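Worksheet: the structure to be examined is printed underneath.
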Amino acid sequence: MMLVAHYNYWVVIALMMIGFYVVIVQGNLVKKLIGLNIFQTSVFIFYISVGKVAGGSAPIYDPEVTLYSNPLPHVLILTAIVVGIATMALGLALVVRIKEAYGSVEEEELQARDLEAEDAQQKENQC
Numbered sequence: 000m001m002l003v004a005h006y007n008y009w010v011v012i013a014l015m016m017i018g019f020y021v022v023i024v025q026g027n028l029v030k031k032l033i034g035l036n037i038f039q040t041s042v043f044i045f046y047i048s049v050g051k052v053a054g055g056s057a058p059i060y061d062p063e064v065t066l067y068s069n070p071l072p073h074v075l076i077l078t079a080i081v082v083g084i085a086t087m088a089l090g091l092a093l094v095v096r097i098k099e100a101y102g103s104v105e106e107e108e109l110q111a112r113d114l115e116a117e118d119a120q121q122k123e124n125q126c
């Protein structure tokens, strides 16, 4: 019964693990950004779930209402969504720039090119 009562937390845990898995396993930078976005969404859902009071009303004065929900978590998440979109746009712009400069967005290929450049520089310094 407790599993059904707290399904939103199970959704948060599932999304968080999916996002974390994608970030760790995938070598493609775009897929890593998508994984981070999924992880971030799970945090948003968690924060909104914690901020909701069961049976609570909007914080508008009414003499008959005694239980209110705090609107602050929802406002903070709106701000976080805007920041998340801006961060995602910046990350995608960086990926586009990396693709233009290196011809790939695969992490292993970028690391291999970086090692080749270091080896070439060391050989040049030795001469």
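Per numbering that gives the first Met the number 0, residue 0 is the first one in the sequence shown, and the count goes up by one each step.
For each residue, glycine too, the CB sits at the ideal point set by N, CA and C.
What you are looking at is a predicted structure, and each value in this text was computed from that prediction instead of being measured.
Environment of residue i [buried if 16+ CB atoms lie within 10 Å]
i, result
"residue 39", "buried"
"residue 18", "buried"
"residue 102", "exposed"
"residue 74", "exposed"
"residue 11", "buried"
"residue 21", "buried"
"residue 34", "buried"
First through last residue of the alpha helix (DSSP H) which encompasses residue i
i, result
"residue 70", "Note, residue 70: premise wrong, no alpha helix (DSSP H); not H, not E."
"residue 23", "6 to 24"
"residue 118", "106 to 125"
Per-residue DSSP class, three states only, for residue i
i, result
"residue 56", "strand"
For residue i, the nearest candidate out of the options (CA to CA)
i, options, result
"residue 79", "44, 66 and 9", "44"
"residue 36", "109, 15, 61 and 123", "15"
Residue i versus residue j - alpha carbon distance
i, j, result
"residue 27", "residue 9", "28 Å"
"residue 95", "residue 116", "21 Å"
"residue 82", "residue 42", "14 Å"
"residue 30", "residue 104", "10 Å"
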